[in-house]
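These notes concern the structure reproduced below.
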Amino acid sequence: MPPSRHPQMRPAQPDHDHNPAGRDGMTHTLLEWQLRKTSGKTKLQAEDAVCTLISQAYADYERTLQRQQHALDTMSQELNTLNANLRKERDEKLAESERRFELAAEGASDGIWDWQALENRLWMSPRCQEILGFQSESKTGTIEDWYALIVPEDRAKARQFIDESLNSRHQVSATLGFLHADGVPRHVICRATVTRDSSGRPARLIGAHTDVSDFVRMNEQLKRAQEVAEAANIAKSDFLANMSHELRTPLNSIIGMTHLLMGSTLPAPQRELVESVHKSSANLLEIVNDILDLSKIEAGEVTLESLGFDLSYVLDSVLMTLEQLAREKGLSLVGRYNPSALPYIVGDPLRVSRILMNLISNAVKYTEKGSVEVFAQATPTADGNVEICCEVRDTGIGIPPEKQAQIFDKFVQADTSTTRRYGGTGLGLAITRELVELMGGTIGVESAMGSGSTFRFAIPFKTTTQISALRDRKKRKPQSHGSLQPAAARVLIAEDHPMNQILMTRLMEGFGISRFDIVENGRAAATQAKTGHWDLILMDCHMPEMSGYDATREIRAGELGTKRHIPIIAMTANAMTGEKEKCLRFGMDDYISKPIDIDELRDILGQWIAFPAAAPDSAFEQITAAAHEDGADDPHNGPPVDFRHLQSFTDGDTEMTRELVAAFLTQSRKNIDVLQASLSPKAHNDWREAAHMLKGGAGGIGARALSALCEQAQNAVCDISVKSSLLFDICDEYTRVEKSLDEYGAQTRLP
1 MPPSRHPQMR PAQPDHDHNP AGRDGMTHTL LEWQLRKTSG KTKLQAEDAV
51 CTLISQAYAD YERTLQRQQH ALDTMSQELN TLNANLRKER DEKLAESERR
101 FELAAEGASD GIWDWQALEN RLWMSPRCQE ILGFQSESKT GTIEDWYALI
151 VPEDRAKARQ FIDESLNSRH QVSATLGFLH ADGVPRHVIC RATVTRDSSG
201 RPARLIGAHT DVSDFVRMNE QLKRAQEVAE AANIAKSDFL ANMSHELRTP
251 LNSIIGMTHL LMGSTLPAPQ RELVESVHKS SANLLEIVND ILDLSKIEAG
301 EVTLESLGFD LSYVLDSVLM TLEQLAREKG LSLVGRYNPS ALPYIVGDPL
351 RVSRILMNLI SNAVKYTEKG SVEVFAQATP TADGNVEICC EVRDTGIGIP
401 PEKQAQIFDK FVQADTSTTR RYGGTGLGLA ITRELVELMG GTIGVESAMG
451 SGSTFRFAIP FKTTTQISAL RDRKKRKPQS HGSLQPAAAR VLIAEDHPMN
501 QILMTRLMEG FGISRFDIVE NGRAAATQAK TGHWDLILMD CHMPEMSGYD
551 ATREIRAGEL GTKRHIPIIA MTANAMTGEK EKCLRFGMDD YISKPIDIDE
601 LRDILGQWIA FPAAAPDSAF EQITAAAHED GADDPHNGPP VDFRHLQSFT
651 DGDTEMTREL VAAFLTQSRK NIDVLQASLS PKAHNDWREA AHMLKGGAGG
701 IGARALSALC EQAQNAVCDI SVKSSLLFDI CDEYTRVEKS LDEYGAQTRL
751 P
């Protein structure tokens, strides 16, 4: 049955206004349904119906396209609006960021610069333009403008800076000079960091310029000021050294003359005046020496020795020197240390002695009653060496806490009244601190007012075993090969120095040799030898008129054709290699060096004299070991006078000590007078003879530093400037020796 024509039989039409896509689908379905509906109609009717349906479909399609186009236009408009809003927001934020950057750049102390390398456009902040002197209202320029501001001598360096910045992945910096528009050069630290484009090419350099002109200027001023200060310090040191020299020369004369007057018979009032002048001169000389020492330290002219020495010996010597001063004040001066617990160390014994002398003498000076105690101990260190710790404790006036940090400063004392009451300049502790620190040590003080003070220092030292091996060596026992009894032996001694003559007299008496004679020169020795009365000759090698060498050669020449041969033993202070061989070549039978080692001399004499097997007299049992230990041959080992050396010959005999010191002082003053008169080349032989004699006397008394200086003088070239310098040092050291003898000799009333 054909489809119903009633409208109610047609399918429901969808709502195309609300669903355009659904409507298109329904249009095609409806069209298909209408076509099927016309199948029963005539052909013409069918074609008309189809055309009508197609037209309706196209109309529907056009309406759909229009609606879709309208929707797309609406969406496009909304997107354009949104894009415009985003662009506006971006531009506003970028502008705000640029404003902030410019504000930061304007407020910064550094100048900011930005070079667009591909466009060659250079932007500089106002501060950057101010630093470089770049004048442009636009704040922009080119890299060539930047190069033009640089001083000519730095332009190559500037181009290298730009090249390195473009090629580096890190910040690059360089200090360049810029010629400012005001004509004043600027020193600027330039920094730059490269940024690259998407292809990796350098696109721009961003960085900062820092003006360091003031810093460079201040640094140059500081350098010039330092140079001026150093020059002034050198000039000051030179002035102090020269002035000290000028002061010490007359002071030495005053001290020497007053010393001679004190040895003469003077009425009591005059003696007191002379003693006052002598003491004041010695104190003034000590102050001058302190100033000179300080100037040497400040000028860096102090060179530390590296010698092996016995610390206990240095301590003993200092205590012995100051013992009389402490006794005069009624003080107890005690050394509380175990010598066997103190190792043998390597260092500068003279400077260590100076440190101890300064601290202990200060303690004695500022202590009115009670005691001064000296402690010393050695603490092993991790490197196998030791740290020597010394303490000087006193029961003196004490130091206020607020002054303790200042007392090691130059010219500073704890109380302004100290100088008026005790004297001094305040240099002793300053010199002590400088010496301790120069040795790598530390020094400090603990004190309370009225309770005394404790000064403590610690210095690291290397240790040595060479001295210990020699110190522990057992005394050699003389092995007599001769049959001549000491009492029967006839010994001729050729010795020109009065002090050494006294020493040899003492030795002969100690050996039991009573038949001996002493002559003063080689010619007298050669003459005496011809008499044939002598069994043995002790011959000093260096003597006036005829040397021991020439005297021996003359003696041996006189013995030719006879069976006579007198044993001749050389005595010389020349310890140079080959000296013994030289003596043997001249015909001497043996050799002994000065200062004389008693055991060694006894052994040598024992080849011809039959000494008894019993131990020698106690006066000769102890020899100053330090004089023969490793490092002790150095002139700076110990104080000015080695009193243990002196005591070894006198065995505490006051009269003997007095004779030795008197002989030394008398002869040494004569020798110094000859040295002063023998500076010219014509008197060079007199110079050498005087230096040799003074060297022997100094060595015999134990004044090792003075002896070494005299040896230098004896071997010095014939040059007035060299000899003058040596004479100055000799006089200076002689003054120290004389002062040391004065301090030590007060208890024995030496001259």
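Using the working numbering, you'd call the opening residue of the sequence shown number 1 and step up by one each time.
Every residue, glycine too, gets a C-beta built ideally from N, C-alpha and C.
Only a predicted model underlies this, so the values are computations on that prediction, with no experimental measurement involved.
Check: For D633, name the three-state secondary structure that DSSP assigns.; Outcome: For D633, the pLDDT reaches just 47, beneath the cut-off of 50, and the residue's location in the model is therefore unreliable, leaving the point undetermined.
Check: In terms of residues, what are the limits of the alpha helix (DSSP H) holding M508?; Outcome: P498 to F511
Check: Answer with buried or exposed for C54, where buried requires no fewer than 16 other C-beta atoms within 10 angstroms of its C-beta.; Outcome: Looking at the sequence provided, one finds Ile at residue 54 rather than Cys. Classification for I54: exposed.
Check: Specify, as a first and last residue, the run of the alpha helix (DSSP H) that A148 falls within.; Outcome: I143 to A148
Check: Just how far apart, CA to CA, sit Q622 and E434?; Outcome: Note that Q622 has pLDDT 33, beneath the 50 cutoff, so the model's placement of it is unreliable and the number below is only indicative. Distance between the alpha carbons of Q622 and E434 is about 37 Å.
Check: Between the C-alpha atoms of S668 and G697, what's the straight-line distance to the nearest angstrom?; Outcome: 7 Å
Check: Determine which residues share a DSSP beta bridge with Q754 and list them.; Outcome: In the structure as shown, the chain begins at 1 and stops at 751. Residue 754 is therefore absent and cannot be evaluated.
Check: Less than 8 Å between the beta carbons of K369 and G330, yes or no?; Outcome: yes
Check: Using the Cα positions of G512 and K580, report the straight-line distance between them to the nearest angstrom.; Outcome: 27 Å
Check: Considering D394, what are the terminal residues of the beta strand (DSSP E) in which it resides?; Outcome: V386 to D394
Check: Does D732 come out as helix, strand or coil in the three-state DSSP assignment?; Outcome: helix
Check: Can you give me the C-alpha to C-alpha distance between T193 and S213, rounded to a whole angstrom?; Outcome: 23 Å
Check: Should R351 be labelled buried (16 or more other beta-carbon atoms within 10 Å of its own) or exposed?; Outcome: buried
Check: Assuming G111 contacts H209 (C-beta within less than 8 Å), just tell me the rounded distance between them.; Outcome: 4 Å
Check: Check each candidate in G300, V445 and E305 and name the one with the smallest Cα separation from A363.; Outcome: V445
Check: Give every residue of the same chain whose Cβ lies closer than 6 Å to the Cβ of V302, excluding the five residues on either side of it in the sequence, and list them in chain order.; Outcome: K296
Check: Three Cβ pairs or more, each shorter than 8 Å: is that satisfied between the region 268 to 286 and the region 316 to 332?; Outcome: no
Check: Does the Cβ of A158 have 16 or more other Cβ atoms within 10 Å, making it buried, or fewer, making it exposed?; Outcome: buried
Check: Report all residues from its chain with a CB closer than 6 Å to the CB of V737; omit the five preceding and five following residues, and keep chain order.; Outcome: P640, V641, A703 and L706
Check: Compare the beta carbon distance of V346 and L311 with 8 Å and say whether it is the shorter of the two.; Outcome: no
Check: Given a threshold of 16 other Cβ atoms within 10 Å of its Cβ, counted over all protein chains shown, does N289 qualify as buried or as exposed?; Outcome: buried
Check: Which two residues bound the contiguous beta strand (DSSP E) that contains P349?; Outcome: Premise fails: P349 lies in the alpha helix (DSSP H), P349 to K365, not in any beta strand (DSSP E).
Check: Tell me, to the nearest whole angstrom, how far the beta carbon of G522 is from that of E495; I am working on the premise that it is less than 8 Å.; Outcome: That belief does not hold up - the Cβ atoms of G522 and E495 are roughly 11 Å apart, past 8 Å.
Check: Give the straight-line distance between the Cα atoms of Q56 and R63, rounded to the nearest whole angstrom.; Outcome: 11 Å
Check: Report yes if the C-beta distance between P460 and F611 is below 8 Å; otherwise report no.; Outcome: no
Check: Roughly how far, in whole angstroms, is the beta-carbon of E160 from the beta-carbon of R191, given that I think they are within contact range, below 8 Å?; Outcome: Here residue 160 is Gln; the residue named in the question, Glu, does not match the sequence. With 8 Å as the limit, Q160 and R191 do not qualify as a contact, their Cβ atoms being about 15 Å apart.
Check: Going by other Cβ atoms of all chains shown within 10 Å of its Cβ, with 16 needed for buried, is P152 buried or exposed?; Outcome: exposed
Check: According to DSSP, what are the bridge partners of I189?; Outcome: T175 and T210
Check: Hey, would you say A525 sits closer than 8 Å to A488, going by beta carbons?; Outcome: no
Check: Alpha carbon to alpha carbon, how far is K695 from S767? Give it in angstroms, no decimals.; Outcome: The structure shown does not extend to residue 767, since the chain is modelled only from 1 to 751, so the question has no answer here.
Check: Around the C-beta of L294, are 16 or more other C-beta atoms found within 10 angstroms, so that it is buried, or is it exposed?; Outcome: buried
Check: Sort A570, N242, H70 and E402 by Cα distance to D589 and report the nearest one.; Outcome: A570
Check: In whole angstroms, give me the CA-to-CA distance for I720 and P681.; Outcome: 7 Å
Check: Between the Cα of E246 and those of F728, E733, S740 and D742, spot the shortest distance and give me the residue it belongs to.; Outcome: F728
Check: Between the Cα of E402 and the Cα atoms of L538, L122 and M449, which residue gives the shortest distance?; Outcome: M449
Check: For Y549, report the span of its alpha helix (DSSP H) as first-last.; Outcome: G548 to E559
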